[in-house]
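Numbering (this note's numbering), first residue to last: 3 to 181. The beta-carbon is built from N, C-alpha and C at its ideal position, and this holds for glycine as well. Single-structure report; data block below.
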Amino acid sequence: MAGDATTIARPYAEAVFQRAVETDKLDLWSEMLGLLGTAVANPELSEVLGNPDLTRDQKAELMLEIGGGRLSDEGENLVKLLAESGRLGVLPEIAEAYEQRKAEHEGTVDVVVTTAFPLKPAQEQALASAFKTKLGREVRISSEENPGLIGGFRLRAGDMVIDGSVSGQLDQLAHELGI
């Protein structure tokens, strides 16, 4: 289903992105889609939106209330369109696809580094600098901690994943040995 949602979300994200470029409102759309995507990803709200007893108009009104005046007229129209077509559930994927498109447009890339232990700011900066040189783009780096990695790191930049973790190497060894 996740692949289906991404496929469904892509044309919406592209249309929103094109409109955001035309109107020079890239950041506004980031905020609106981020808010809506986060709201829909909430399990309780997702359950309410999946309730067949609510009409599509009621679902749209609920989302507009959640927007609480932080949605532009075009943002409200997007919510109504998605509700009409029964697509409110793909808002998180629309937001993600939009952010990827925006990053490409701005020449930036988001890199998430997961390590077993917290990274120091100097280490984050060194990684960002190395990736800026390698990718030829501005790098926005964020780090996460996962003690299950044991050591090393796992890096994700868009579709690229580099797994240099001890647990990743152990998994690969186990796979090669057929364990």
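ask   = Counting Cβ pairs, one atom from each stretch, are 3 or more of them under 8 Å apart for the stretch 33-40 and the stretch 59-76?
value = Taking 8 Å as the limit for Cβ pairs, the verdict is that the stretch 59-76 does touch the stretch 33-40.
Excluding the 5 residues preceding and the 5 following S144 in the sequence, name in chain order all residues of the same chain whose CB lies nearer than 8 Å to its CB. Excluding sequence neighbours, S144 sits near D112, V113, V114, V115.
Next item on the list: For A43, I'd like the list of residues in its chain whose CB is within less than 6 Å of its CB, leaving aside the five on either flank, ordered along the chain.
Entry: The residues are P94.
For L73, which of helix, strand or coil comes out of DSSP?
In the structure shown, L73 sits in coil (DSSP, three-state: anything other than H, G, I, E or B).
Once the 5 residues before and after R103 are set aside, which same chain residues still bring their CB inside 8 Å of it?
These residues qualify, in order along the chain: A15, E16, F19.
If you draw a straight line from the alpha carbon of T135 to that of L73, how long is it in whole angstroms? Whole-angstrom Cα-Cα distance: 38 Å.
Start-end ranges of the alpha helix (DSSP H) lying completely within the stretch 82-139, minimum 4 residues:
Whole alpha helix (DSSP H) segments, 4+ residues: 93-108, 123-137.
**Message:** Our contact map puts P120 next to E98 with C-beta atoms below 8 Å; I'd like the distance itself, whole angstroms only.
**Reply:** Wrong, their Cβ atoms sit about 26 Å apart, outside the cutoff.
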